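Notes to accompany the following structure.
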Amino acid sequence: MVIHLVRHAEAIERTPEVQEQHRYLTPRGRVRFRKIARTLKISGIDPDLILTSPLIRAVQTAEILAQTLKFKKELQLTDLLAHGFGAPQLRRLLEEHPDAREIALVGHEPELGEVTRVLLDTDTPCALDKGATVTFKLTAQGEAAFRQFVDGKGNLFDSRNKALKHLNQE
Numbered sequence: 135m136v137i138h139l140v141r142h143a144e145a146i147e148r149t150p151e152v153q154e155q156h157r158y159l160t161p162r163g164r165v166r167f168r169k170i171a172r173t174l175k176i177s178g179i180d181p182d183l184i185l186t187s188p189l190i191r192a193v194q195t196a197e198i199l200a201q202t203l204k205f206k207k208e209l210q211l212t213d214l215l216a217h218g219f220g221a222p223q224l225r226r227l228l229e230e231h232p233d234a235r236e237i238a239l240v241g242h243e244p245e246l247g248e249v250t251r252v253l254l255d256t257d258t259p260c261a262l263d264k265g266a267t268v269t270f271k272l273t274a275q276g277e278a279a280f281r282q283f284v285d286g287k288g289n290l291f292d293s294r295n296k297a298l299k300h301l302n303q304e
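Residue 135 is where the sequence shown starts when you use my numbering, and the numbers rise one by one after that.
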């Protein structure tokens, strides 16, 4: 199975008037993520399932991804991708979809960065830029092999070491 961990695109800042769950994508965030989604399409990603956090900014990001990829199925919202997502929640999602061959998971930081760190099997802290995507091939034995990383500007890296340099936010 192939998984794509996708951080939501740039959203408006929190304000007293706009609660966390109501934050939506900025125009710049939409434009930048369309570029990222085009890079992902060119790289050949073809998910048979797109799962997203129910928060508006994640759903909007998933919608742009689906539109760009010409994804014909419904997006699936799951609270497991909201804040608090980690390796146990990833396992649960994968167990819930055993027939999926390729899944895009749209969520949030710092959770996606931590899951990325675990899958890369590194002590180096990882953080995904807004809109960034990291792809892994999971084996039946539960091991993860790095496939590619697309940063928040739409640049693609297929080298684990180059990706780690971009993911390391210390």
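Where is the CB? At the ideal position from N, CA and C, for every residue including glycine. Since the model is a prediction, treat every value here as computed from it, not as a measurement.
- Taking each of 183, 194, 250 and 214 in turn and checking the Cα distance to residue 156, the smallest one comes out for 194.
- DSSP places residue 173 inside the alpha helix (DSSP H), whose first and last residues are 161 to 177.
- DSSP links residue 241 through a beta bridge to 141.
- When secondary structure is reduced to three states using DSSP, residue 262 falls in the coil class, being assigned neither helix nor strand.
- Per DSSP, reduced to three states, the secondary structure at residue 148 is coil, with no helix or strand assignment.
- For residue 281, the uninterrupted beta strand (DSSP E) run begins and ends at 278 to 284, by DSSP.
- Of the other Cβ atoms in all chains shown, fewer than 16 fall within 10 Å of the Cβ of residue 276; this residue is therefore exposed.
- Per DSSP, residue 186 lies in no alpha helix (DSSP H) segment; the continuous beta strand (DSSP E) that holds it begins and ends at 183 to 186.
- It is roughly 25 Å from the alpha-carbon of residue 203 to the alpha-carbon of residue 273.
- Rounded to whole angstroms, the separation of the alpha carbons of residue 247 and residue 208 is 26 Å.
- Using a Cβ-Cβ distance cut-off of 8 Å, the segment 233 to 249 and the segment 181 to 195 are in contact, since at least three pairs of beta carbons, one from each stretch, lie closer than that value.
- Assigned with DSSP and collapsed to three states, residue 153 falls in coil, not helix or strand.
- Its chain contains 270 and 278 as the residues whose beta carbon lies nearer than 6 Å to that of residue 253, once the 5 sequence neighbours on both sides are disregarded; these appear in chain order.
- Going by DSSP, residue 272 is part of the beta strand (DSSP E) stretching over 267 to 272.
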